[in-house]
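Structure first, then comments.
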């Protein structure tokens with residue numbers, strides 16, 4: 001994004017400072033927008049819309065100024081270098097605990113001018129027991145996990161097993177010796193720390209970070225009384241919510257059983273751990289920090305639609321609604337992949353606006369023409385270029401940036417830029433960004449030739465004759481469709497243009513002809529799709545004759561809608577020659593060899609609207625717009641029942657001048673012949 005955000009400044013420069021309590025550039029305090037705690041802010045946008053760039057700008061503004069954690073929930077190891085992915089199918093770790101270790105570590109780093117680093121005694125205790133403690137079953141063996149023979153044969157170091165056995169004796173005693181228990185806890189903790197890589201083998205690379213986080217737990221275990229501090233917090237919470245018995249330490253060590261069940265009890269245990277994170281953050285804001293209105297910590301979670309993101313955000317939402325006094329909660333900005341049309345734009349939170357919705361969901365706005373002009377401003381660009389950038393970017397800031405940068409470079413190097421050459425250069429990068437899966441991307445390029453769902457399987461069979469099974473063909477097409485939906489690009493017009501351009505680029509003229517012929521053969525000859533592929537073949541006269549005949553029998557609105565769909569047919573690369581048509585081709589509606597005015601009107605409209613539907617077309621000339629107007633007025637012919645043609649004659653030239661193309665030209669409904 002080149003450091004420039006488009007349509008997002010209101011959130012970055014106004015709303016986030018009021019959430020955090022600190023100016024985005026300077027060191028002065030900003031009044032809190034939510035003195036009683038801000039909601040989790042979900043930011044929805046498509047691929048390339050600028051979600052990651054927005055979090056990057058917020059991170060750069062506050063890094064080193066407030067406790068801050070930035071994680072990518074869609075990346076391996078949540079984006080932390082050297083940390084592998086963990087899973088939810090092991091007894092002593094889950095994706096939530098993995099995430100919590102990273103958050104506690106990052107938020108606990110020293111921040112200049114903030115004061116003492118944040119500590120997480122409650123969370124570290126909870127993470128310690130779920131990570132390292134192995135409760136016994138009634139038969140005296142370790143925790144059973146079906147299908148995990150490694151848990152039946154205890155291969156841990158002998159010193160760890162001895163320390164655990166000694167501690168188990170003291171924890172399960174009805175009247176334990178407090179001094180001996182502390183000593184045993186200290187020994188056990190030291191042995192666990194020495195063996196963390198093995199204890200945390202489910203998440204390779206996390207042991208160093210975990211060791212730093214868990215160091216806080218040692219003081220709580222060895223020095224605290226069970227009815228004080230973080231231990232008392234766990235004891236009270238577990239007794240209230242689940243009725244655990246014994247003192248606080250005994251309840252904590254019982255707690256691990258629920259986590260290891262790998263069912264709904266694990267979800268409940270994770271709720272407790274997230275609550276521990278939130279209450280630890282609150283406890284770091286004592287009376288002095290509250291009086292001084294210290295800025296709040298900041299969680300930046302990218303791709304929160306992936307992995308544990310939705311579940312974690314729900315847990316944060318629940319924690320924000322805790323009863324009692326108003327706790328200090330972290331400011332959470334989470335980006336999610338989605339269309340976002342139902343939600344207000346980021347610009348709605350500028351100025352004094354304080355949305356009350358919980359959860360608060362905002363969408364990233366589409367790129368505006370002024371932004372595209374700004375991107376192209378370093379050079380004297382052709383007048384039509386912003387329109388091309390807008391069509392192929394689909395409102396995505398990152399896509400517009402790629403196109404604009406490529407155009408600026410070409411103008412600087414060669415003094416001019418041809419739209420086709422610009423697209424040839426930029427489309428592969430744009431598609432790779434929008435559709436990262438190479439296999440699925442190539443499938444969607446191929447399937448873009450089909451105008452409707454009914455011909456997609458036939459197209460696949462034509463392109464891949466080795467796939468003989470109908471089930472296999474159906475699966476290939478379905479997988480591509482589902483991938484596009486998961487990418488939130490279903491029905492995305494700009495993506496269709498990119499796919500079609502790529503298809504035309506990599507397809508020879510002969511292959512283009514054969515593909516369109518195959519698709520046409522799969523269609524009803526009486527339908528619009530048949531004529532759509534006929535036009536893509538370049539057989540303009542054939543389409544004109546059929547449409548003239550339809551004009552005599554179809555209602556005007558229906559006819560104009562069909563014209564719209566047919567003239568949106570894709571265009572082959574330059575140099576393509578259409579296959580030879582029928583030598584005896586004639587128009588059945590004319591009744592003679594001499595075309596009438598209505599035939600001439602249709603013959604003017606079809607090739608012109610098809611050419612103007614090419615997304616690479618220059619702005620239409622005024623004489624072309626006049627041709628469209630006159631042809632539609634001719635079809636109107638002063639007949640009241642043909643009012644839709646009259647409406648189109650007024651509306652279509654104006655819409656074409658403004659950049660609209662088939663199939664988006666307006667049709668006046670309700671007028672039928």
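In the UniProt record's numbering, the protein residues as written are 1 to 673. The beta-carbon is built from N, C-alpha and C at its ideal position, and this holds for glycine as well. The structure presented is a predicted model; accordingly, all values stated were derived computationally and were not measured.
Three-state secondary structure assigned by DSSP to residue i
i	result
residue 215	helix
residue 45	strand
residue 498	helix
residue 103	helix
residue 676	Past the boundaries of the shown model lies residue 676; the chain is included only from 1 to 673, so the question cannot be answered.
residue 363	strand
residue 5	coil
residue 142	Because the pLDDT at residue 142 is just 44, under 50, the model does not fix this residue reliably, and the value given afterwards should be weighed accordingly. Strand, per DSSP.
residue 23	coil
residue 29	strand
residue 136	strand
residue 116	coil
residue 194	helix
residue 228	coil
residue 545	helix
residue 384	coil
residue 671	Residue confidence is low: residue 671 scores 46 on pLDDT, short of 50, so the model does not pin down where it sits. Its coordinate-derived value is still stated next. Coil, per DSSP.
residue 35	coil
residue 265	helix
residue 396	coil
residue 461	helix
residue 13	helix
residue 656	helix
residue 521	helix
residue 207	helix
residue 537	coil
residue 152	Because the pLDDT of residue 152 is 49, which lies under 50, any placement of that residue in the model is unreliable, and the number read from its coordinates should be weighed accordingly. In this structure, residue 152 counts as helix in the three-state DSSP scheme.
residue 529	helix
residue 271	helix
residue 637	coil
residue 258	helix
Whole-number beta carbon distance between residue j and residue i, since they are thought to touch under 8 Å
i	j	result
residue 309	residue 301	7 Å
residue 359	residue 307	That pair is no contact at about 18 Å.
residue 346	residue 330	The Cβ separation is near 20 Å, so there is no contact.
residue 24	residue 31	Contact doesn't hold; Cβ gap of about 14 Å is too wide.
residue 402	residue 430	6 Å
residue 537	residue 513	6 Å
residue 253	residue 238	With 8 Å as the limit, residue 253 and residue 238 do not qualify as a contact, their Cβ atoms being about 10 Å apart.
residue 476	residue 511	The Cβ separation is near 19 Å, so there is no contact.
residue 66	residue 114	7 Å
Beta-ladder partner(s) of residue i, from DSSP
i	result
residue 70	300
residue 93	90
residue 63	66
is_contact[residue i, chain B] using C-beta, thresh 7 Å
i	result
residue 237	In the displayed structure, chain B is absent; only one protein chain is listed.
Closer than 6 Å: residue i CB and nearest the ligand NAP heavy atom
i	result
residue 234	Only the bare structure without any ligand can be found here, which leaves the ligand NAP out of the picture.
4 or more residues per run - each alpha helix (DSSP H) lying fully within the segment 273-354: 287-291 and 309-320
Checklist entry - Are there three or more Cβ pairs, one per stretch, closer than 8 Å when the segment 402-422 is compared with the segment 515-529? => result no
Length at least 4, wholly inside the segment 400-431: the alpha helix (DSSP H) runs in chain order:
none
Would the segment 62-75 count as touching the segment 102-119 if we require 3 or more Cβ pairs under 8 Å? yes
- Identify every run of the alpha helix (DSSP H) within the segment 560-628, keeping only runs that are complete inside it and at least 4 residues long; order them along the chain. 597-612
Q. Does the segment 469-488 come close enough to the segment 537-555 to have 3 or more Cβ pairs within less than 8 Å?
A. no
- Query: Can we say the segment 79-92 touches the segment 174-186, given the rule of at least three CB pairs closer than 8 Å?
  - Reply: no
Can you find at least 3 beta carbon pairs, one from the segment 267-275 and one from the segment 152-169, that sit closer than 8 Å?
no
Would you check if there are 3 or more beta carbon pairs closer than 8 Å linking the segment 483-503 to the segment 455-467? no
Q) So does the segment 368-380 actually touch the segment 46-64, counting three or more Cβ pairs closer than 8 Å? A) no
query = Taking one C-beta from the segment 622-637 and one from the segment 564-584 each time, how about it: are there three or more such pairs within less than 8 Å?
reply = no
### Task
Check whether the segment 121-133 touches the segment 233-251, counting contact only when three or more Cβ pairs, one atom from each stretch, lie closer than 8 Å.
yes
Review point. Are three or more beta carbon pairs between the segment 535-547 and the segment 466-480 nearer than 8 Å?
Key: no
**Asked** Do three or more CB pairs link the segment 199-208 to the segment 181-191 at distances below 8 Å?
**Response** no
Would you call the segment 587-602 and the segment 618-626 in contact, with 3 or more CB pairs under 8 Å? no
Q. Do the segment 31-43 and the segment 259-266 touch if we need at least three Cβ pairs shorter than 8 Å?
A. no
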